[in-house]
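Participant:
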Amino acid sequence: RIQLYPSKNSSPSSLSTTSSYDPLDHSLYWYPVAFSHELPFGSRQPLGFHLLNEPLCLYRTNDGEVVCVLDICPHRSAPLSLGQMTKEGNLECIYHGWQFGANGQCVRIPSVSKKSNTASLIC
Numbered sequence: 317r318i319q320l321y322p323s324k325n326s327s328p329s330s331l332s333t334t335s336s337y338d339p340l341d342h343s344l345y346w347y348p349v350a351f352s353h354e355l356p357f358g359s360r361q362p363l364g365f366h367l368l369n370e371p372l373c374l375y376r377t378n379d380g381e382v383v384c385v386l387d388i389c390p391h392r393s394a395p396l397s398l399g400q401m402t403k404e405g406n407l408e409c410i411y412h413g414w415q416f417g418a419n420g421q422c423v424r425i426p427s428v429s430k431k432s433n434t435a436s437l438i439c
């Protein structure tokens with residue numbers, strides 16, 4: 317599984333009303349990182365960048381949804397931004413071809429039989 321940004325659990329409604337606000341916590345703010353024309357609909361090339369010293373990767377799903385993930389494959393730490401989008405809409409790592417869905421879940425490992433359940437494997 318790859319880490320999504322922002323985390324699905326970091327919505328404003330999930331924050332405690334008793335939590336303290338730190339104006340110096342820069343991870344709490346929104347940052348523009350790319351123009352939409354840099355990530356055109358149907359593009360097979362993800363876009364890698366750094367924000368707050370974190371390597372991140374943007375890509376579009378087949379439905380046009382923009383997804384941001386940590387730009388590190390959990391298998392061998394290759395930059396996912398060097399990979400490509402598959403025709404199924406998965407992000408594929410350039411190194412060993414592992415594929416990840418828009419929810420961050422590993423959906424395919426080429427070296428594993430298609431009969432195996434990738435959800436049961438450590439991705």
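The sequence shown stops at residue 439 when you use the working numbering, and every number in between is there. Glycine is no exception: its CB is placed at the ideal position from the N, C-alpha and C atoms.
Just to confirm before moving on: does the CB-CB distance between Pro371 and Gly364 stay below 8 Å?
Facilitator: Closer than 8 Å, so yes.
Participant: Since I believe Glu381 is in contact with Ala418 (beta carbons under 8 Å), could you give me their beta-carbon distance rounded to a whole number of angstroms?
Facilitator: The Cβ separation is near 6 Å, so the contact holds.
Participant: Can you tell me whether Glu404 is helix, strand or coil according to DSSP?
Facilitator: Note: Glu404 maps to coil in three-state DSSP.
Participant: Rounded to the nearest angstrom, how far is the Cβ of Ser343 from that of Leu368, given a contact under 8 Å?
Facilitator: Confirmed, Cβ separation roughly 6 Å.
Participant: Just curious, the beta strand (DSSP E) that Tyr375 is in, first and last residue?
Facilitator: Tyr375 -> beta strand (DSSP E) spans Glu370 to Arg376.
Participant: I'd like to know whether the C-beta of Ile425 is nearer than 8 Å to at least one C-beta of chain B.
Facilitator: Absent from the structure: chain B. Only one protein chain is present.
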